[in-house]
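Take any residue in the sequence shown, count from 1 to its spot, add 1: that is its number in the working numbering.
We put the beta carbon where it would ideally sit given N, CA and C, even for glycine.
Owing to the predicted nature of the structure, the values given are computational and were not obtained by experimental measurement.
Okay, structure first, notes after.
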Amino acid sequence: LHLLCVCVPSQPWFHRFAGLQSCSAPHSQFFAPSEGIMLPAGSFNNRVAFITGGGTGLGRAMTTVLSQLGAQCVIASRKLDILQQTANEISSQTGNKVHAVQCDVRDPQAVSHCVDQMVALTGLPDVTAHILKWF
2 LHLLCVCVPS
12 QPWFHRFAGL
22 QSCSAPHSQF
32 FAPSEGIMLP
42 AGSFNNRVAF
52 ITGGGTGLGR
62 AMTTVLSQLG
72 AQCVIASRKL
82 DILQQTANEI
92 SSQTGNKVHA
102 VQCDVRDPQA
112 VSHCVDQMVA
122 LTGLPDVTAH
132 ILKWF
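Below, the structure is given as structure tokens:
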């Protein structure tokens, strides 16, 4: 089981501090920066990925890449309508099934229900990614 946890503060000061508004990072003088996916196609074939916060932003981007690499994805967040739209768009784009499951990670019962739904849909995940916002 692989775990990736990304915590993103929602305050504008963090984005300015982290340089997220504009990228001015120096590039290597020997190698061009890689703009694409660095893993070979099929790296996540026959794998299940569970992504909280998967409907928008970083979670959506990770879901897209994992699905492109062959994973069957389960995305979860509080807003089911956004999740379903994202799941449909990524499934259409990549040809791999993306499941949408509503879950408020602050509510233990909702998390338990979400895990039950995921297990019924896909079995236990091989990869998990959790996108958490600081409020």
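query	result
One or two residues paired with Ser78 in a DSSP bridge	Gln103
Ala72 - DSSP class collapsed to helix/strand/coil	coil
For Thr53, the residue or residues it bridges with in DSSP	Ala77 and His131
Pair within 8 Å by beta-carbon distance, Ala111 and Asp105	yes
C-alpha distance - Lys80 paired with Ala101, whole-angstrom precision	10 Å
Close beta carbons around Cys24, own chain, < 8 Å, minus the five adjacent residues each side	Bear in mind that the predicted position of Cys24 carries a pLDDT of just 47, short of 50, making it too unreliable to give a figure here.
Proximity of Leu84 and Ile38 at Cβ, strictly below 8 Å	no
Assumed close pair Thr123, Gln73 - CB separation to whole angstroms, cut-off 8 Å	6 Å
Contact under 8 Å by Cβ, Pro126 with Phe51	yes
Burial state of Val120, where buried means 16 or more other Cβ atoms lie within 10 Å	exposed
Own chain, CB closer than 6 Å to Gln103, minus 5 neighbours either side, in chain order	Leu81
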